[in-house]
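S.K.: From first to last, the protein sequence lines stand for chains A and B.
Position 162, counted from 1, in the first sequence is what my numbering calls 162; the numbers after and before it change by one each time, with no gaps.
Position 260, counted from 1, in the second sequence is what my numbering calls 260; the numbers after and before it change by one each time, with no gaps.
Number of protein chains: 2
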Amino acid sequence: MPIFLAHLGPSGTYGEEAAVLHNPEARLFPLPSHLAVIEAVREGRANEGIVAIENSLNGPVVEVTDDLIHGTGVHVQGEVVVPVVHCLIVAPGEPDIKIIYSHPQALGQCRGFSQKCFPKAELAATLSTVAAVEKMLELPCSSAAIASARAAELYGAEILSRGIQDSKSNETRFFVLALTDHSPTGDDKTSLCFSFGEDKPGQLVSVLEEFSKRGINLARVESRPAKTELGRYVFLVDLAGHREDLLVAEAICAAREKATGIFKILGSYPRYQG
Amino acid sequence: MPIFLAHLGPSGTYGEEAAVLHNPEARLFPLPSHLAVIEAVREGRANEGIVAIENSLNGPVVEVTDDLIHGTGVHVQGEVVVPVVHCLIVAPGEPDIKIIYSHPQALGQCRGFSQKCFPKAELAATLSTVAAVEKMLELPCSSAAIASARAAELYGAEILSRGIQDSKSNETRFFVLALTDHSPTGDDKTSLCFSFGEDKPGQLVSVLEEFSKRGINLARVESRPAKTELGRYVFLVDLAGHREDLLVAEAICAAREKATGIFKILGSYPRYQG
Chain A
1 MPIFLAHLGP SGTYGEEAAV LHNPEARLFP LPSHLAVIEA VREGRANEGI
51 VAIENSLNGP VVEVTDDLIH GTGVHVQGEV VVPVVHCLIV APGEPDIKII
101 YSHPQALGQC RGFSQKCFPK AELAATLSTV AAVEKMLELP CSSAAIASAR
151 AAELYGAEIL SRGIQDSKSN ETRFFVLALT DHSPTGDDKT SLCFSFGEDK
201 PGQLVSVLEE FSKRGINLAR VESRPAKTEL GRYVFLVDLA GHREDLLVAE
251 AICAAREKAT GIFKILGSYP RYQG
Chain B
1 MPIFLAHLGP SGTYGEEAAV LHNPEARLFP LPSHLAVIEA VREGRANEGI
51 VAIENSLNGP VVEVTDDLIH GTGVHVQGEV VVPVVHCLIV APGEPDIKII
101 YSHPQALGQC RGFSQKCFPK AELAATLSTV AAVEKMLELP CSSAAIASAR
151 AAELYGAEIL SRGIQDSKSN ETRFFVLALT DHSPTGDDKT SLCFSFGEDK
201 PGQLVSVLEE FSKRGINLAR VESRPAKTEL GRYVFLVDLA GHREDLLVAE
251 AICAAREKAT GIFKILGSYP RYQG
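Structure, rendered in structure tokens:
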């Protein structure tokens, strides 16, 4: 039986790149939104789903984070980190570039390159980096697109320049979701979230201490609104170790006692080996 | 000399409502973006500026948060909390409502009301809640808009129903920015941010403990990407007390020693009295 792997489509997006990186054998299942990907896993229409969770420049993907906190039934089974490498893509031939198409975020991330190399070119926004390649192909003699190498390949276009983003440290982290999390491998991470029934001094620190005093590193601490009232939050923590590791299990047990609101383990999964 | 108070325009937005709530005497100075408001304060074209910093449903306003972390020269001098009360607004008369206009976020927040009361109406997106009122006035016999009471008042339109959002706990918190922060009043808050030079277990906890062990309540802990690489963060903390209060000053001094990256006090300001 093939594995059905849902991801944010269309073909050529970084979501598809993450899916191929995670499992090149899987049957890809592109869907129009991250929430549709989560639903497909929840309802069993896909075995696994890949969703973006954070970007090194833009921070958390909030609709995914909130759905993992408040929804049920899906677990984090893996993580994938995809470097965002923007390319300047043109139609075969030697176009005179008067207009550069891309998603506004990609245009912003490549502003230095565009101003230096094409100071007179007009920058035009499209709905996705893939849509930029399609628009460019409608004006093959006078335009270029900023998108991934994979998008260029899929559309048979040429890469004029690779890695044109102004900051080289542009990476997106994805979660692999499934109905269960992953068994221990010896180099794992665990994601969990918690909140408090009432607001008291020191309660966040007292939960975090359960991890730090056992030498468990917190790779990430994030907060999201609890959606009940201003000033109430749900905290998300990614820690080093598997929930079945003895020290982690002890810390989770102690933390659960202290978190008087929500306490939910999103999953344990192997650390991504870059 | 009048106080020039910059805010996100146009007239009728919640940003203007926050500005009026903060200082009804001020000369209002509407600008097209939050970053333009911060710039106006930084360059002295406005004495004060009001920017949204977090919403109880959607979380932090990231472009404002990142500018306060990485920019210089402006300080937090106050806070204002504005309840988001959406109203169903129509032209005078008795329209047959076939279409409801609003900003997508407001349409989403009032979905239950629309489905229950106007199951056949089409929902149409506009760029702002104020633009929705303008669109509605072009089709006065067959449409309605979702916007604030103030927008209805400014356009001479009628409020058919008030407080139609599905969740009553919808509030936005604004920061009042100026070139200096506020002197102590006895009931203050302090906002600061910090990061670490390298990633070591327990370092976030060790900074937060400097506050908790002195009984200083942390009203909010938020993280934002450091923008250097994935997995590196800047932490933002809002705490109870003024930076000149003895215990707070001691805790800040100790925390500054432990934060090996950025350490920046955004400002001390009176707690908002609702």
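Glycine residues also receive a C-beta, built at the ideal position from the N, C-alpha and C atoms.
1) DSSP state of B/T190, grouped into three classes?
2) Determine the contact status of A/E222 and A/L236, defining contact as a CB-CB distance below 8 Å.
3) So A/S56 packs on B/K200, CB below 8 Å; how close in whole Å?
4) Would you mind reading off the limits of the beta strand (DSSP E) that contains A/Y272?
5) Does chain B have any CB closer than 8 Å to the CB of A/L218?
6) Apply the 10 Å Cβ neighbour rule to B/K120 and answer buried if 16 or more other Cβ atoms are within range, or exposed otherwise.
7) Provide the residue(s) that pair with B/F29 in DSSP beta bridges, ordered along the chain.
8) Residues of chain A with a CB under 9 Å from the CB of B/S148: which are they?
9) In this structure, does DSSP put B/S161 in helix, strand or coil?
10) Within a Cβ cutoff of 6 Å, which residues of the same chain sit near B/R329, ignoring the five residues on either side of it in sequence?
11) Compare the C-beta of B/V51 with all C-beta atoms of chain A and state if any pair is closer than 8 Å.
12) Taking Cβ-Cβ distances below 9 Å as the criterion, which residues of the stretch 218-237 of chain B are in contact with chain A?
13) What do you reckon, are the CB atoms on A/E171 and A/V76 nearer than 8 Å?
14) Counting only beta-carbon atoms, is A/E276 nearer than 8 Å to chain B?
15) So if I threshold CB-CB distances at 8 Å, which residues from the stretch 42-75 of chain A count as touching chain B?
16) Please report the residue range of the alpha helix (DSSP H) in which B/F211 lies.
17) Note down, in chain order, every chain A residue with its Cβ under 8 Å from the Cβ of B/E171.
18) Using a Cβ-Cβ cut-off of less than 9 Å, give me the residues of the stretch 112-144 of chain A that come near chain C, in sequence order.
19) Please classify B/F263: does DSSP put it in a helix, a strand, or coil?
20) Candidates B/I159, B/R162, B/E257 and B/P60: which alpha carbon is nearest B/L204's?
21) B/S143: which of B/R111, B/D96 and B/G156 sits nearest, CA to CA?
22) Tell me the start and end of each unbroken alpha helix (DSSP H) in the stretch 49-76 of chain B that is at least 4 residues and wholly inside, in chain order.
23) Does A/P32 come within less than 8 Å of chain B when only Cβ atoms are used?
24) Evaluate A/D188 with the Cβ neighbour count: other Cβ atoms within 10 Å of its Cβ, from every protein chain shown; 16 or more gives buried, anything less gives exposed.
25) Grouping DSSP H, G and I as helix and E and B as strand, with all else coil, what is A/S114?
26) If you drop the 5 nearest sequence neighbours on each side, which residues of the same chain put their C-beta closer than 6 Å to that of B/R232?
27) Any idea if A/M136 is buried or exposed, counting beta-carbon neighbours within 10 angstroms, 16 or more meaning buried?
28) How should B/S212 be labelled, buried or exposed, when 16 other C-beta atoms within 10 angstroms of its C-beta is the threshold for buried?
29) Which residues of chain A have a Cβ atom closer than 9 Å to the Cβ of B/L276, listed in chain order?
30) Using only CA atoms, which one of A/P10, A/I262, A/G267 and A/L5 lies nearest to A/A131?
31) Check whether the Cβ of B/L239 sits closer than 7 Å to any heavy atom of the ligand SAM, and report yes or no.
32) Just to make sure I have the definition right: I need the residues of chain B whose C-beta is within less than 7 Å of the C-beta of A/V81. Which are they?
33) Alpha carbons only, please: which of A/H22, A/A19 and A/Y14 is nearest the one belonging to A/C87?
34) I'd like to know whether the C-beta atoms of A/Y269 and A/G71 end up nearer to each other than 8 Å.
35) With a threshold of 8 Å on Cβ separation, who are the neighbours of A/S206 within its own chain once the five nearest residues in sequence on each side are excluded?
36) Contact between the stretch 44-52 of chain A and the stretch 171-181 of chain A: three or more CB pairs below 8 Å?
M.R.: From the atom records:
1) strand
2) yes
3) Not confirmed; about 20 Å, so no contact.
4) Neither: A/Y272 is in no beta strand (DSSP E) and is coded neither H nor E.
5) yes
6) exposed
7) B/A6
8) In chain order: nothing, as chain A lies at least about 17 Å away.
9) strand
10) As shown, chain B starts at 1 and ends at 274. That puts residue 329 of chain B outside it, with no answer to give.
11) no
12) Contact annotation: in the stretch 218-237 of chain B, residues whose CB is within less than 9 Å of a CB in chain A are L218, A219, R220, V221, E222, S223, R224, P225, A226, K227, T228, E229, L230, G231, R232, Y233 and F235.
13) no
14) Given that chain A is displayed from residue 1 to residue 274, the structure contains no residue 276 of chain A and the question cannot be resolved.
15) E54, N55, S56, L57, N58, G59 and V62
16) Segment Q203 to S212, the alpha helix (DSSP H) holding B/F211.
17) Going along chain A in sequence order, the residues near B/E171 (Cβ under 8 Å) are E229 and L230.
18) The chain labelled as chain C is not found among the protein chains of the depicted structure, namely A and B.
19) strand
20) Considering only alpha carbons, the answer is B/E257.
21) With distances taken between Cα atoms, B/S143 lies closest to B/D96.
22) 62-70
23) no
24) buried
25) helix
26) A226
27) buried
28) buried
29) No statement about residue 276 of chain B is possible, as the shown extent of chain B runs from 1 to 274 and does not include it.
30) A/P10
31) This structure lacks the ligand SAM, and indeed carries no ligand of any kind.
32) L230
33) A/C87 has its Cα closest to that of A/Y14, out of A/H22, A/A19 and A/Y14.
34) no
35) K258
36) yes
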